[in-house]
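In case it helps, my numbering puts the sequence shown at residues 231 to 275. Glycine included, each C-beta is placed from N, C-alpha and C at the ideal position.
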Amino acid sequence: MTTDTPVLDAAFKGPVGSFNLDVAFKAPLAGVTALFGASGCGKTT
231 MTTDTPVLDA AFKGPVGSFN LDVAFKAPLA GVTALFGASG CGKTT
């Protein structure tokens, strides 16, 4: 028996400034998800 957990599935591919960005992100809709990194690295962008 399998159960599918709902997830947030987001992706972006395209030019950002002078470079090409290719990002994919999956996170469960339940629980806690955190993004962390250095100050100014784009966590809220």
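DSSP beta-bridge partners of residue i
i      : result
LYS256 : ASP239
GLY251 : First, the amino acid is wrong: residue 251 is Leu here, not Gly. Its beta-bridge partners are GLY244.
Pairwise C-alpha distance: residue j and residue i
i      : j      : result
SER269 : GLY247 : 20 Å
THR274 : LEU259 : 19 Å
ASP239 : PHE249 : 23 Å
VAL262 : PRO245 : 31 Å
PHE266 : GLY272 : 10 Å
Cβ-Cβ separation, residue j to residue i (assumed contact under 8 Å), whole Å
i      : j      : result
ALA241 : ALA257 : Actually they do not touch by this definition, with Cβ atoms about 12 Å apart.
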